[in-house]
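Per our numbering, the very first residue in the sequence shown carries number 3; after that it's consecutive. A short write-up of the structure that comes next.
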Amino acid sequence: MPNIRLPELIIILAIILIIFGAGKLPEIGGAIGRGIRSFRGGVSGEGAEGQVQNPDDRRDSKS
């Protein structure tokens with residue numbers, strides 16, 4: 003795995019700032035945060051409401 007030090011991180015952040023602009027950064031940060039939260043919820047088995055999903059709890063509509 004590459005070792006990213008402070009100078010490389012500053013250059014990457016400067017490039018992101020140039021590409022997206024200062025106005026879009028909060029939106030991008032929020033979208034990344036929601037994506038990470040959704041990923042963690044999916045990995046841990048939580049649903050969109052924060053409740054743990056259990057496939058055995060689903061009721062069949064035919065019965």
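We treat Cβ as the ideally placed atom computed from N, Cα and C, and that holds for glycine. Predicted model, so just to flag it, every value in this text is computed and none were measured.
Beta-carbon proximity of Ile-14 to Phe-22, cut-off 9 Å: Within the sequence shown, residue 14 is the residue found at index 12, counting from 1. Within the sequence shown, residue 22 is the residue found at index 20, counting from 1. Contact: no.
Reduced DSSP category for Gly-47 - H, G, I as helix; E, B as strand; rest coil: Numbered from its first residue, the sequence shown carries residue 47 at position 45. In this structure, Gly-47 counts as coil in the three-state DSSP scheme.
Helix, strand or coil at Gly-35 [DSSP, three-state]: The residue given as residue 35 occupies position 33 in the sequence shown. Helix at Gly-35.
Three-state secondary structure assigned by DSSP to Ile-6: The count along the sequence shown starts at 1 and reaches residue 6 at position 4. Three-state result, Ile-6: coil.
Close beta carbons around Pro-9, own chain, < 6 Å, minus the five adjacent residues each side: Counting from 1 along the sequence shown, the entry for residue 9 is found at position 7. Nothing listed; no residue qualifies.
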